[in-house]
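J.: Per the numbering used here: the sequence shown = residues 6 to 305.
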Amino acid sequence: MKDGLLHLEDYLHFLRIERQLANNTLVSYKKDLTEYLKSILETQQLHKLDVVERQHILVHLRKLKEEGKSARTIARHISSIRSFHQFLLREKVTSKDPTIHLELPQLEQKLPNFLSVDELNNLLSSINLSKPQGVRDLAMFEIMYASGMRISECLSLNLEDLHLTMGFVRVFGKGGKERIIPLGGAAIRACTQYIEEARPKLLKSSERTDAIFVNQRGKRLTRQGIWKLLNKHALNAGIQKDITPHVLRHTFATHLIENGADLRAVQEMLGHADIATTQIYTHVSKTRLKEVYKQFHPRA
């Protein structure tokens with residue numbers, strides 16, 4: 006197991022340096038592959054990685070299925086294992102790749118949740134702007150909807166990343182990749198009011214920070230903090246759906262596609278490496294059109 010973990014560390018180093026994968030992705034790889042190595046080297050008592058065959062991997066995958074893991078989770082495990090063995094082969098740690106004929110499970114396509122235009126407007130208009138926290142929340146949700154940025158990207162925004170007079174925000178996505186996203190008038194106005202009026206009140210006499218979005222103690226907001234705030238405002242707006250910060254990202258992309266935006270442009274703004282990931286929003290748009298047709302066409 007010790008040798009296996011050493012090879013795993015080498016692989017994770019390769020992903021971090023060469024592929025420049027995000028920390029969250031690296032954590033997922035490490036978790037999946039540690040579990041896999043324990044299965045083949047300890048449970049199945051194989052002495053080294055070069056003797057692993059396809060059937061050994063299938064034993065591990067069957068165990069995952071018996072534990073109630075979803076097809077999507079098992080597919081992720083297969084992807085991690087395949088990539089790991091390809092690395093071992095390239096590095097001449099092993100002489101063969103046992104994952105060559107490994108098939109991915111059939112995945113049910115799950116369409117992302119998003120808000121309608123009315124729901125989004127209700128959410129934003131329900132925010133009480135009489136307090137600095139409300140001004141902050143409006144600016145935060147406006148910029149997330151205007152740019153489609155991930156929650157982690159929003160949390161890491163610094164003052165130098167926001168260029169309101171020029172109308173854009175600079176975002177550092179997965180692997181530290183930079184992208185420039187334009188902002189609309191509503192987001193610019195909300196952010197201007199927040200930075201000029203509300204943010205100084207939240208900072209008070211606390212230590213200086215470059216973070217754009219801060220809590221009542223003047224510290225950078227956390228993921229859990231944004232999650233709670235969004236749910237509170239959604240409840241006030243009477244929205245019954247399960248709302249997460251990622252729903253604003255889905256809403257951004259869906260509304261753009263519904264209004265005829267170019268798929269490549271949406272891909273670039275979302276920071277997707279593969280356009281196939283962005284294409285899910287065309288399915289959302291088509292599903293939405295069918296719902297509208299059924300609801301309003303007299304002979305539907």
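All C-beta atoms, glycine included, are put in the ideal place defined by N, C-alpha and C.
Since the model is a prediction, treat every value here as computed from it, not as a measurement.
(1) Identify the continuous alpha helix (DSSP H) that holds GLU71 and give its terminal residues.
(2) Taking the straight line between their C-alpha atoms, what separation do you get for THR282 and LEU188?
(3) Under 8 Å: do the segment 253–263 and the segment 181–198 share three or more Cβ pairs, one atom per stretch?
(4) Among SER100, ALA27, LEU167, which one has its Cα closest to the Cα of ILE148?
(5) Taking the alpha-carbon positions, what's the LYS233 to PRO250 distance?
(6) Below 8 Å, how does it come out for the segment 64–73 and the segment 11–20: are there three or more Cβ pairs, yes or no?
(7) Excluding the 5 residues flanking ILE248 on each side, which residues of the same chain have their C-beta closer than 7 Å to its C-beta?
(8) Could you say if the segment 83–94 and the segment 30–42 meet the contact criterion of at least three C-beta pairs nearer than 8 Å?
(9) Looking at C-beta atoms only, is the number of pairs between the segment 155–175 and the segment 189–200 that lie closer than 8 Å three or more?
(10) Identify, in the order they occur along the chain, each residue of the same chain with its Cβ nearer than 8 Å to the Cβ of GLU273, setting aside the five sequence neighbours on each side.
(11) Are GLY230 and LEU207 close, meaning C-beta to C-beta below 8 Å?
(12) One question on the structure: do ILE285 and PRO117 come within less than 8 Å of each other, judged by their Cβ atoms?
(13) Considering only the beta carbon of each residue, do GLN221 and VAL140 sit closer than 8 Å?
(14) Pick from THR30, GLY276, ILE45, ARG81: whose alpha carbon is nearest that of LYS182?
(15) What is the rounded straight-line gap between the Cα of GLU202 and the Cα of HIS288?
(16) Output the distance between the C-alpha atoms of LEU10 and LYS43, rounded to the nearest integer angstrom.
T.: Checking against the coordinates, here is how it stands:
(1) Taken as a continuous stretch (DSSP letters only), the alpha helix (DSSP H) holding GLU71 covers 59–71.
(2) When rounded, the distance between both Cα atoms is 23 Å.
(3) Look at the beta carbons and you see the segment 253–263 not touching the segment 181–198: under three pairs across the two are nearer than 8 Å.
(4) Of the candidates SER100, ALA27, LEU167, LEU167 places its Cα closest to the Cα of ILE148.
(5) Here the alpha carbon of LYS233 sits roughly 10 Å from the alpha carbon of PRO250.
(6) These segments do not touch.
(7) Hits under 7 Å: LEU235, ASN236, ALA239.
(8) In short, these stretches touch, since the Cβ pair count reaches three.
(9) As far as the Cβ criterion goes, the segment 155–175 touches the segment 189–200, which means the pair count is three or higher.
(10) For GLU273, where only same-chain residues beyond five positions count, the Cβ hits under 8 Å are ARG184.
(11) In this structure, GLY230 lies away from LEU207, with their beta-carbon atoms at least 8 Å apart.
(12) Their beta carbons are under 8 Å apart, which means ILE285 touches PRO117 by this criterion.
(13) Here GLN221 is not near VAL140, since their CB atoms are 8 Å or more apart.
(14) Closest option to LYS182, Cα to Cα, is GLY276.
(15) GLU202 and HIS288 have their C-alpha atoms some 41 Å from each other.
(16) In a straight line, the C-alpha of LEU10 is about 9 Å away from that of LYS43.
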